Amino acid sequence: TATQGRLDGFFTVL
Amino acid sequence: MLEARLPQAKLLKSLLEAIKELVVECNFDCNDSGIAVQAMDSSHVALVALLLRADGFDPYRCDRNLPLGINLTSLNKILKCAGNEDILTIKASDDGDVLNLVFESKDSDRISEYELKLMDIDSEHLGIPDTQYDAVVSMSSGEFQRICRDLSQISDSIVIDVTKEGIKFSASGEVGNGSVTLKQSGSVDREDEATTIELQQAVSLTFSLKYFQYFTKATPLSSRVVLSMSNDVPILVEYKLDNLGYVRYYLAPKIGD
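Note that the protein sequences, when read in sequence, are chains F and D. Each residue of the first sequence is one higher than the one before, starting from 7 at the first, in my numbering. Each residue of the second sequence is one higher than the one before, starting from 15 at the first, in my numbering.
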């Protein structure tokens with residue numbers, strides 16, 4: 007089964 | 015200070031419906047260009063970005079950056095006291111700890127005033143890169159809502175495949191499987207129902223339907239939704255608000271199968 011990815015890493019913390 | 019007036023309270027009620035399943039509390043960042051919200055859900059799977067431009071209000075005044083920390087459950091309680099057609103004015107002073115909300119009936123014979131306690135919310139701001147997506151699909155928001163609702167009967171995951179021919183949503187579960195394909199339609203009579211696809215390369219992505227169903231709470235805000243996708247990166251689901259701004263959702267895909 008597929009596991010849920012996370013957004014961390016796609017966006018940069020300003 | 016902030017003072018912003020909307021001709022219909024219904025809009026703010028709908029915006030709240032569109033984000034309150036994902037976020038419990040967040041800052042409404044007000045400045046002279048408008049009001050923005052950026053918040054991630056607690057599991058860091060989805061992010062909502064909301065923009066209400068100043069020129070969508072009449073009048074709008076905000077002379078300095080003012081982050082309003084709001085508990086959305088509390089705001090929802092107060093907005094239930096507003097009529098859909100009421101004129102809504104929100105006000106906050108620079109150093110105050112409350113948000114004033116005034117609901118005025120159209121004929122001005124009933125004015126109700128509420129104060130919402132504000133809170134200090136320490137949230138990090140994220141830079142969202144300006145991305146060129148491989149597939150950008152514009153479709154009826156009502157159709158997208160229906161597909162998410164229908165396929166949630168089958169599974170808690172949805173696979174989206176976009177090719178030149180169309181966009182295919184599919185789900186596979188214990189009861190069986192199902193799919194809905196929308197072909198690119200250039201010549202439909204009703205523009206609102208057309209599906210248009212801009213494709214650089216085919217994409218195939220799997221997402222949690224639970225989150226899509228949260229996103230489709232924004233359906234009353236726009237007749238159209240735009241799905242922007244590239245393989246292995248978060249999908250952008252955007253509802254544009256007429257002359258006002260947008261509600262954007264980002265959702266991380268499911269990985270491996």
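Here a beta-carbon is modelled for each residue, glycine too, at the ideal position from N, C-alpha and C. Note that the structure is predicted; figures quoted are calculated from it, not measured.
Member of the options whose CA lies at the smallest distance from the CA of residue i
i	options	result
D/Y263	D/I174, D/A232, D/D109 and D/D134	D/A232
D/G97	D/P21, D/R163, D/N41 and D/K131	D/P21
D/C40	D/S154, D/S107 and D/P81	D/P81
D/G192	D/L165, D/V247 and D/L241	D/L165
D/D148	D/A185, D/Y260, D/V217 and D/C95	D/V217
D/V38	D/E157, D/A53, D/G110 and D/S47	D/A53
D/L132	D/G180, D/D111, D/S152 and D/S122	D/D111
Straight-line Cα distance separating residue j from residue i
i	j	result
D/Q146	D/V176	16 angstroms
D/K105	D/A266	36 angstroms
D/N245	D/D100	44 angstroms
D/S28	D/G190	35 angstroms
D/S56	D/L36	8 angstroms
D/V173	D/Y128	45 angstroms
D/G70	D/A208	27 angstroms
D/L93	D/S126	11 angstroms
D/A23	D/E188	43 angstroms
D/T220	D/F183	10 angstroms
D/L235	D/G270	34 angstroms
D/E212	D/L30	31 angstroms
D/R75	D/R163	40 angstroms
F/R12	D/K120	45 angstroms
Limits of the beta strand (DSSP E) - the one that residue i falls within
i	result
D/N191	G190 to K197
D/Y74	Y74 to C76
Residue range of the unbroken alpha helix (DSSP H) whose run includes residue i
i	result
D/Q159	S155 to L165
D/L86	L86 to L93
Query - Three CB pairs or more closer than 8 angstroms across the stretch 129 to 149 of chain D and the stretch 187 to 201 of chain D - result: The stretch 129 to 149 of chain D is not in contact with the stretch 187 to 201 of chain D.
**Report entry** Cβ-based contacts, 8 angstroms cut-off: residues of the stretch 162 to 192 of chain D near chain B
**Finding:** Structure shown: chain B not included; protein chains present are F and D.
Query raised in the report: When the Cβ atoms of the stretch 112 to 127 of chain D are set against those of the stretch 52 to 67 of chain D, are three or more pairs found closer than 8 angstroms?
Result: By the C-beta criterion, the stretch 112 to 127 of chain D is judged not to be in contact with the stretch 52 to 67 of chain D, since fewer than 3 inter-stretch pairs fall below 8 angstroms.
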